[in-house]
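Asks:
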């Protein structure tokens, strides 16, 4: 048999596999809403990063999401006085729009005037559902998630375990239309901008003048079964040195760390516009606030924490977030353990810095033979002795010493 | 039920359309265009379900969807030459890079017939070509590929 024939078959497999992966990469992994193929086609509208090429012509659902043709009409109600009021205080959004009710629950894939009303209301409340185009796409979905999590104040697990997480039924819609105010937990006074991140709810709120200007569903550092940060070991590649200088050739090393998003009070350190190829993959418009931890755009922002420690927001929100938050803005992070941001000590609020993989077969690091076995390292104490230069650069190649857990304070 | 029959349709015809479009335009643009085409199939399901050659129709739809996203200077090739990320096998990467230099129709015919085992007739129906044209494309494409692969 001709060797080219075999190669051709392999090439066909490679193309098939990559084409299938390409769809999956842009797909909402949280799924569960609607048939599988619907997510498949709706994914075409997500801003897909394809080798650095942004496919931005269709946004938030786009025509792709219109395939589940469902016609909906809004019925004006005469008596708005019977509405439940979820929060006291004045409405931050115009209340002039007539109160309506839903003939049927809305969910992803639908389109129509009702969806438009929902999007307008979410926009007024600063949940950033994307353009008000009447198409219930992925941005609207995440805005609904953020609304549900923020108002219910339950753990993200409640939403993740729900069978109809994305669904907006009439009861919820009535609640949404009622006047509501979202108060900052740490008011900073007029003229200030600050960010509050609630890890238990996986929600981020930007407050400008103590009024919410952006509320986003996020996905932070992954947790293991016990609720502690998940350990990861990966072969990573650096394109910049410890002081941010570009390297001539990629430095590749096998490293481990914990996917820790610590609570605490931080400041926005620096912005990078565009796509940054970090050691762990691409980040869009990252805004760093705690060493290498950034709020950045990602294509996959599921209902549960999955990142390596960063705060993921969706690609469209990543367009506006950096413009709202100047350097020096304060960032308050409420951790999973229920402590207030101010209760985190300096050590507690350090992220997990990378260390060479002790089990690596190809490592060239001389320290790798002296570090403790991975199984006994406690997550919160793995990182010590960070040099002071790390404050202005992500700790990608900062000198990090890993000590056995028994000798760590 | 509509969605059940559509699921089966997407699993069969959808894959065919995607393969043809990926062969023409590469993975990124091809896969997006195939998703667009399947969206059209869903919206116009009543028509598409009764079509004699739905795959061929959807391939044409995908082509017109892909066109705005392929730059003029790449339109002759469309298929990106940097295939390093597609496979760990250096020989496969070389082959894909060589394929990028074929005329799109040649590449599509070679891939459909030689990689995916389509008959000349099936490939022709999908791509809107006569059986004889497919035969010629496959023959010339393979000859060119052999030359390019041997030169390396």
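Protein chains in written order, with the numbering used here: chain X, 1 to 409; chain W, 1001 to 1152.
Where a beta carbon is used, it is the ideal one built from N, C-alpha and C, also for glycine.
Computed from a predicted model, the values in this text were never measured in an experiment.
#1: Output the boundary residues of the beta strand (DSSP E) element that contains residue 333 of chain X.
#2: So residue 9 of chain X contacts chain W; which residues on that side make the cut at Cβ distance below 9 angstroms?
#3: At the 8 angstroms Cβ level, is residue 1134 of chain W part of the contact set with chain X, yes or no?
#4: Using 8 angstroms as the threshold, is the region 165-176 of chain X in touch with the region 323-340 of chain X, meaning 3 or more CB pairs across them?
#5: Are the C-beta atoms of residue 18 of chain X and some chain W residue less than 8 angstroms apart?
#6: Below 9 angstroms on C-beta distance, what does residue 1061 of chain W contact in chain X?
#7: Report yes if the CB atom of residue 7 of chain X is closer than 8 angstroms to the CB atom of residue 1091 of chain W, and no otherwise.
#8: Once you ignore the five residues that flank residue 1144 of chain W on each side, which residues in its own chain have a CB closer than 7 angstroms to its CB?
#9: Once the 5 residues before and after residue 94 of chain X are set aside, which same chain residues still bring their CB inside 6 angstroms of it?
#10: I believe residue 290 of chain X touches residue 351 of chain X by the beta-carbon criterion, under 8 angstroms. Please report the beta-carbon distance rounded to the nearest angstrom.
#11: Let me check you understand the geometry: is the CB of residue 317 of chain X closer than 7 angstroms to at least one non-hydrogen atom of the ligand MG?
#12: Mapping DSSP to helix, strand and coil, what is residue 270 of chain X?
#13: Out of W:1040, W:1086, W:1021, point me to the one whose CA is closest to residue 1031 of chain W's CA.
#14: Are the C-beta atoms of residue 1101 of chain W and some chain X residue less than 8 angstroms apart?
#15: Checking the sheet assignment: what are the DSSP bridge partners for residue 211 of chain X?
#16: Checking contacts by CB at 8 angstroms: is residue 12 of chain X closer than that to chain W?
#17: How long is the line joining the alpha carbons of residue 1007 of chain W and residue 143 of chain X, rounded to whole angstroms?
#18: Just to make sure I have the definition right: I need the residues of chain X whose C-beta is within less than 8 angstroms of the C-beta of residue 1087 of chain W. Which are they?
#19: Near residue 15 of chain X, what residues of its chain come up, given a Cβ to Cβ distance below 6 angstroms and the 5 sequence neighbours on each side ignored?
#20: Who are the Cβ neighbours of residue 1037 of chain W in its own chain at under 6 angstroms, not counting the five residues just before and after it?
#21: Does chain X have any CB closer than 8 angstroms to the CB of residue 1022 of chain W?
#22: Given that a residue counts as buried once 16 or more other Cβ atoms are within 10 Å of its Cβ, and exposed if not, what is residue 113 of chain X?
#23: Report yes if the CB atom of residue 295 of chain X is closer than 8 angstroms to the CB atom of residue 287 of chain X, and no otherwise.
#24: Compute the Euclidean distance between the alpha carbons of residue 252 of chain X and residue 11 of chain X, then round it to the nearest angstrom.
#25: Between which two residues does the alpha helix (DSSP H) harbouring residue 1056 of chain W extend?
#26: Please name the residues in the region 278-302 of chain X whose beta-carbon is closer than 7 angstroms to at least one beta-carbon of chain W, in chain order.
#27: Can you tell me whether residue 1044 of chain W is buried or exposed, with buried defined as 16 or more other CB within 10 angstroms of its CB?
#28: Got a sec: is the Cβ-Cβ distance from residue 1149 of chain W to anything in chain X below 8 angstroms?
#29: In the DSSP assignment, what residue or residues form a beta bridge with residue 256 of chain X?
#30: Closest by CA to residue 161 of chain X, which one among X:304, X:324, X:184?
#31: Considering only their Cβ atoms, is the gap separating residue 311 of chain X from residue 218 of chain X smaller than 8 angstroms?
#32: Residue 1027 of chain W touches chain X at which residues, Cβ-Cβ below 7 angstroms?
#33: Reducing DSSP to helix, strand and coil, say where residue 1006 of chain W ends up.
#34: Should residue 104 of chain X go down as buried or exposed, given a rule of 16 or more other Cβ atoms within 10 Å for buried?
#35: Tell me, please, whether the region 181-192 of chain X touches the region 218-228 of chain X by the rule of three or more beta-carbon pairs shorter than 8 angstroms.
#36: How is the beta strand (DSSP E) around residue 196 of chain X delimited, first residue to last?
Replies: Looking at the atomic coordinates:
#1: Mapped onto the first chain, residue 333 of chain X falls at position 333. Per DSSP, residue 333 of chain X belongs to the beta strand (DSSP E) from 330-334.
#2: In the first chain, counting from the first residue as 1, residue 9 of chain X sits at position 9. The answer, in chain order, is 1114, 1115, 1116, 1117.
#3: Here residue 1134 of chain W refers to the residue found at position 134 when the second chain is read from its first residue. No - not a single Cβ of chain X is within 8 angstroms of the one on residue 1134 of chain W.
#4: no
#5: Within the first chain, numbered from 1, the residue matching residue 18 of chain X stands at position 18. Judged by the 8 angstroms Cβ criterion, residue 18 of chain X is in contact with chain W.
#6: On the second chain, position 61 is the one that residue 1061 of chain W refers to. Below the 9 angstroms Cβ cutoff, chain X contributes no neighbours of residue 1061 of chain W, its closest Cβ being approximately 13 angstroms away.
#7: As a working mapping, residue 7 of chain X is identified with position 7 in the first chain. As a working mapping, residue 1091 of chain W is identified with position 91 in the second chain. Yes, these two residues count as a Cβ contact at 8 angstroms.
#8: As a working mapping, residue 1144 of chain W is identified with position 144 in the second chain. Within the same chain, residue 1144 of chain W has close Cβ partners 1102.
#9: Counting from 1 along the first chain, the entry for residue 94 of chain X is found at position 94. Residue confidence is low: residue 94 of chain X scores 44 on pLDDT, short of 50, so the model does not pin down where it sits. Its coordinate-derived value is still stated next. Hits under 6 angstroms: none found.
#10: Looking up residue 290 of chain X in the first chain gives position 290. Looking up residue 351 of chain X in the first chain gives position 351. With a Cβ gap of about 6 angstroms, residue 290 of chain X and residue 351 of chain X count as contacting.
#11: Among the components modelled here there is no ligand, and therefore nothing to report on the ligand MG.
#12: As a working note, residue 270 of chain X is residue 270 in the first chain. Residue state, collapsed to three classes: strand.
#13: For the purposes of this step, residue 1031 of chain W is taken as residue 31 along the second chain, with counting starting at 1. Comparing Cα-Cα distances from residue 1031 of chain W to each of W:1040, W:1086, W:1021, the minimum goes to W:1021.
#14: Your numbering for residue 1101 of chain W matches position 101 in the second chain. No, residue 1101 of chain W does not count as interfacial toward chain X.
#15: The residue given as residue 211 of chain X occupies position 211 in the first chain. DSSP lists X:208 as partners of residue 211 of chain X.
#16: On the first chain, position 12 is the one that residue 12 of chain X refers to. It does: the Cβ of residue 12 of chain X has a partner Cβ on chain W nearer than 8 angstroms.
#17: Sequence index remark: in the second chain, residue 1007 of chain W carries index 7 (1-based). Sequence index remark: in the first chain, residue 143 of chain X carries index 143 (1-based). Their Cα atoms are separated by approximately 29 angstroms.
#18: Residue numbering aside, residue 1087 of chain W sits at position 87 when the second chain is read from its first letter. Within chain X, the residues near residue 1087 of chain W are 10, 11, 14.
#19: Position 15 of the first chain, counting from 1, holds the residue named residue 15 of chain X. Hits under 6 angstroms: none found.
#20: For this step, residue 1037 of chain W is matched to residue 37 along the second chain. Close CB contacts of residue 1037 of chain W within its chain, under the 6 angstroms cut and outside five residues either way in sequence, are with 1017, 1058, 1061, 1062 (chain order).
#21: Here residue 1022 of chain W refers to the residue found at position 22 of the second chain. Yes, its Cβ sits closer than 8 angstroms to a Cβ of chain X.
#22: Along the first chain, read from residue 1 onward, the residue named residue 113 of chain X stands at position 113. Counting Cβ neighbours within 10 Å, residue 113 of chain X comes out exposed, since fewer than 16 surround it.
#23: Position 295 of the first chain, counted from the first residue, corresponds to residue 295 of chain X. Position 287 of the first chain, counted from the first residue, corresponds to residue 287 of chain X. Yes, these two residues count as a Cβ contact at 8 angstroms.
#24: Within the first chain, numbered from 1, the residue matching residue 252 of chain X stands at position 252. Within the first chain, numbered from 1, the residue matching residue 11 of chain X stands at position 11. So the two alpha carbons sit approximately 28 angstroms from each other.
#25: Here residue 1056 of chain W refers to the residue found at position 56 when the second chain is read from its first residue. Start and end: 1054-1066.
#26: none
#27: For the purposes of this step, residue 1044 of chain W is identified with residue 44 of the second chain, where counting begins at 1. Residue 1044 of chain W is exposed by the Cβ-count criterion.
#28: Taking the second chain and counting its residues from 1, one reaches residue 1149 of chain W at position 149. Answer yes: the Cβ-Cβ gap between residue 1149 of chain W and chain X drops below 8 angstroms somewhere.
#29: On the first chain, position 256 is the one that residue 256 of chain X refers to. X:233, X:355.
#30: On the first chain, residue 161 of chain X is found 161 positions in, with the first residue counted as 1. Ranking X:304, X:324, X:184 by Cα distance to residue 161 of chain X puts X:304 first.
#31: Numbered from 1 along the first chain, position 218 holds the residue referred to as residue 218 of chain X. Numbered from 1 along the first chain, position 311 holds the residue referred to as residue 311 of chain X. The answer is yes: Cβ separation under 8 angstroms.
#32: Start at 1 with the first residue of the second chain, and residue 1027 of chain W comes out as number 27. Going along chain X in sequence order, the residues near residue 1027 of chain W (Cβ under 7 angstroms) are 15, 18, 19, 22.
#33: Along the second chain, one-based indexing puts residue 1006 of chain W at 6. Helix, per DSSP.
#34: For the purposes of this step, residue 104 of chain X is identified with residue 104 of the first chain, where counting begins at 1. Burial call: exposed.
#35: Short answer: they don't touch.
#36: As a working note, residue 196 of chain X is residue 196 in the first chain. Residue 196 of chain X: member of the beta strand (DSSP E) spanning 193-198, first to last residue.
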